[in-house]
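**Q** Pasting in a structure now, in structure tokens, and then I'll have a few things to ask.
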Amino acid sequence: QVPLVRVSIGHEDENERFTGDSARILSDALIARFVDCLGPSDLGTLMDDGTLVAWARGVQPLEQLRLLVERLRESLSQPFSVQGESVFVSATLGTAVGPRDADSALELVDRAYTRV
Numbered sequence: 008q009v010p011l012v013r014v015s016i017g018h019e020d021e022n023e024r025f026t027g028d029s030a031r032i033l034s035d036a037l038i039a040r041f042v043d044c045l046g047p048s049d050l051g052t053l054m055d056d057g058t059l060v061a062w063a064r065g066v067q068p069l070e071q072l073r074l075l076v077e078r079l080r081e082s083l084s085q086p087f088s089v090q091g092e093s094v095f096v097s098a099t100l101g102t103a104v105g106p107r108d109a110d111s112a113l114e115l116v117d118r119a120y121t122r123v
């Protein structure tokens, strides 16, 4: 079994644009929190479209996936500090489990996207 979680990020004010240093600070903080949520045997990556993807691995992969989703939800619900301002992001998490949901890694990521 290959459990996967896909994390898409937004911020609370769609009219506000983060550029330059602000965008880099927020992006770095998001990635740091994402990495902190990974278990010792989990794998994570940043996709070209800015989506974060993690594969829960270990002896009990489905239990690892459940715990990973809980850690991500809790961590990403906390505010980020960007140049003295508190910024809340919205995180959409979708999961998929291979080979039940898909046969290839790319199909699995796409399937997780449709299961948000």
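So the sequence shown is numbered by this note's numbering: it starts at 8 and just counts up by one. Ideal placement from N, C-alpha and C gives every residue a C-beta, glycine not left out. Since this is a predicted model, take the numbers as computed values, not measurements.
#1: Tell me the DSSP secondary structure of Thr102 in three-state form.
#2: Taking Ser111 as part of the beta strand (DSSP E), name the residues at either end of that continuous run.
#3: Compute the distance between the beta-carbons of Thr58 and Ser93, then report whether it is under 8 Å.
#4: Given a cut-off of 8 Å on the beta-carbon distance, is the pair Gly17 and Ser97 in contact?
#5: Please list, in chain order, all residues of the same chain as Thr102 whose beta carbon is under 8 Å from its beta carbon, the five residues on each side excluded.
**A** Checking against the coordinates, here is how it stands:
#1: Numbered from its first residue, the sequence shown carries residue 102 at position 95. Looking at Thr102 - three-state DSSP - the assignment turns out to be strand.
#2: Taking the sequence shown and counting its residues from 1, the one referred to as residue 111 is at position 104. No beta strand (DSSP E) contains Ser111, which DSSP labels as neither H nor E.
#3: Translated into the one-based positions of the sequence shown, residue 58 becomes position 51. Translated into the one-based positions of the sequence shown, residue 93 becomes position 86. Contact: no.
#4: Against the sequence shown, residue 17 aligns to sequence position 10. Against the sequence shown, residue 97 aligns to sequence position 90. Yes, the pair counts as a contact, with Cβ atoms nearer than the cut-off.
#5: Reading the sequence shown from its first residue, position 95 is the one you call residue 102. For Thr102, where only same-chain residues beyond five positions count, the Cβ hits under 8 Å are Pro10, Leu11, Val12, Arg13, Leu72, Val76, Ala119 and Arg122.
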